[in-house]
Amino acid sequence: MAKKHVAVLMGGFSSERPVSLSSGNSCADALEAEGYTVTRVDVTRDIASVLHELKPDVAFNALHGPFGEDGTIQGILEYLEIPYTHSGVLASALAMHKEQAKIVAKAAGIPVAEAKTMNRLDFTSKHPMKPPYVVKPVSEGSSFGVVIVKEDQPHPPQIITSAEWKYGDSVMVERYIYGRELTCAVMGDVAIGVCEIIPVGHQFYDYDSKYVAGGSNHVVPAKISLKIYQKIQTLALKAHQAIGCKGISRSDFRYDDRFSEDGELIWLEVNTQPGMTPTSLVPDIAKAAGHTFGELLSWMVEDASCLR
1 MAKKHVAVLM GGFSSERPVS LSSGNSCADA LEAEGYTVTR VDVTRDIASV
51 LHELKPDVAF NALHGPFGED GTIQGILEYL EIPYTHSGVL ASALAMHKEQ
101 AKIVAKAAGI PVAEAKTMNR LDFTSKHPMK PPYVVKPVSE GSSFGVVIVK
151 EDQPHPPQII TSAEWKYGDS VMVERYIYGR ELTCAVMGDV AIGVCEIIPV
201 GHQFYDYDSK YVAGGSNHVV PAKISLKIYQ KIQTLALKAH QAIGCKGISR
251 SDFRYDDRFS EDGELIWLEV NTQPGMTPTS LVPDIAKAAG HTFGELLSWM
301 VEDASCLR
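FYI, the UniProt record's numbering numbers position 189 of the sequence shown as 189, with every residue one higher than the one before it.
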């Protein structure tokens, strides 16, 4: 039986275009190796007409950032009736909006950090929250625009109100959580594993530590107690389901074990379009769970549907 014709959607026009091209090409190569007919599509504003002409069996969404993971491309694919991977319109839009995702997660009993959303231009000489805290754009990915304000910083970061800021006027101010960076991948209805991310030469898991080779070490499975490991898996699956994610998602956590093993475990966000580059987390976690990269992608293609 002939395998499906898969259009791998990549590139696009968000600030995460380079990451998406890397993810997309990695996925296209692996899907071709699995026997699928693959068309690589560098997404432009005429994507609807391109896909209408192409008529693929499945669209593999390897886009990152706004348009690709905020429900927009998902809506186009629904309109065209082309089955697609990852989450649907509502879950994508919800997960991309950090404030709304946090409200839903908290209502589901998932521990989140205290936060407030405000206009960046309302930052004055006074801190909006007692330091340390984190400022992040409400709807960006890949840690773009994230600023950490340390305890001894006398005033809010000036970059937030400057003309150079390019991540929108709405920002979230969130209590800084000390501790370890942990992430858990969910595949369908199974939390497949927990990874600890150790940035190398970076203050936190920023853009470079995510996507530059050697920028971070991935410890899979994470070297934490079984109790905490299973708790993270439970919370990641709960977030996946509460927000309505489909296919693959990845939840990020901070775990502060400085004073006790139970410590403080905080859910940060769910990523509905996890990176699929050679340095990405989900392929590492899947590999440790016994799934090759090709098997992981094949599962995603076969899981694709409309009305997600």
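Beta carbons are placed, not taken as given, at the ideal position from N, Cα and C, and that holds for glycine. Keep in mind it's a predicted model, so treat the numbers as computed, not measured.
Contacting residues, own chain, Cβ-Cβ under 7 Å from residue i (five flanking each side not counted)
i: residue 220; result: 193, 195, 284, 285 and 288
i: residue 222; result: 182, 194, 195, 196 and 229
i: residue 15; result: 65 and 144
i: residue 256; result: 177, 178, 179, 263 and 264
i: residue 123; result: 156, 160 and 161
i: residue 218; result: 195, 197, 281 and 284
Neighbourhood of residue i by C-beta, 6 Å cutoff - its chain only, sequence neighbours within 5 removed
i: residue 191; result: 184, 233, 236 and 237
i: residue 24; result: 8, 10 and 62
i: residue 309; result: Residue coverage of the chain in this structure runs from 1 to 308, which leaves residue 309 outside it and unanswerable.
i: residue 205; result: The predicted model places residue 205 with a pLDDT of 45, which falls under 50 and marks its position as unreliable; any figure quoted below should be read in that light. Around residue 205: 181, 197 and 199.
i: residue 186; result: 236, 237, 240 and 249
i: residue 292; result: none
i: residue 245; result: 87, 91 and 272
i: residue 125; result: 155
i: residue 71; result: 89, 92 and 93
i: residue 35; result: 3
i: residue 108; result: 238 and 242
i: residue 28; result: 8, 38 and 40
i: residue 17; result: 11
i: residue 129; result: 173
i: residue 95; result: 101, 243, 270 and 272
Where residue i sits in the DSSP three-state scheme
i: residue 39; result: strand
i: residue 165; result: coil
i: residue 293; result: helix
i: residue 139; result: coil
i: residue 97; result: coil
i: residue 179; result: coil
i: residue 184; result: strand
i: residue 300; result: helix
i: residue 91; result: helix
i: residue 29; result: helix
i: residue 284; result: helix
i: residue 254; result: strand
i: residue 219; result: strand
i: residue 104; result: helix
i: residue 59; result: strand
i: residue 237; result: helix
i: residue 305; result: strand
i: residue 15; result: coil
i: residue 5; result: strand
i: residue 190; result: strand
i: residue 309; result: Residue 309 lies beyond the residue range present for the chain, which begins at 1 and ends at 308; the question has no answer from this structure.
i: residue 20; result: helix
Proximal residues to residue i (C-beta, below 8 Å), its chain only, five neighbours per side dropped
i: residue 306; result: 77, 78, 81, 82, 83 and 84
i: residue 149; result: 127, 131, 132, 133, 134, 135, 156, 157 and 176
i: residue 159; result: 147 and 165
i: residue 274; result: 185, 248, 249, 250, 280, 281 and 282
i: residue 31; result: 6, 8, 38, 60, 294, 297, 298 and 301
Within 8 Å, strictly: CB atoms of residue i and residue j
i: residue 308; j: residue 87; result: yes
i: residue 145; j: residue 254; result: no
i: residue 170; j: residue 138; result: yes
i: residue 333; j: residue 6; result: There is simply no residue 333 to check, as the chain begins at 1 and stops at 308 in what is shown.
i: residue 243; j: residue 93; result: no
i: residue 174; j: residue 225; result: no
i: residue 12; j: residue 50; result: no
i: residue 46; j: residue 188; result: no
Beta-bridge pairing of residue i - partner residues as DSSP gives them
i: residue 245; result: Residue 245 is not bridged to any residue.
i: residue 195; result: 183
i: residue 148; result: 134
i: residue 118; result: 171
i: residue 10; result: 42
i: residue 264; result: 256
Closer than 8 Å to chain C by CB, residue i
i: residue 305; result: The displayed structure is made up of one protein chain only, and chain C is not part of it.
Measuring CB atoms only, is the segment 265-281 touching the segment 106-114, in the sense that at least three cross pairs come out at less than 8 Å?
With the cut-off at 8 Å, the segment 265-281 and the segment 106-114 touch.
Is there contact between the segment 16-33 and the segment 45-57, where contact requires at least three CB pairs shorter than 8 Å?
Flag = no, the segment 16-33 and the segment 45-57 do not touch.
Taking contact to mean at least 3 C-beta pairs separated by less than 8 Å, is the segment 275-282 in contact with the segment 116-123?
By the Cβ rule, the segment 275-282 does not count as touching the segment 116-123, because fewer than three pairs are nearer than 8 Å.
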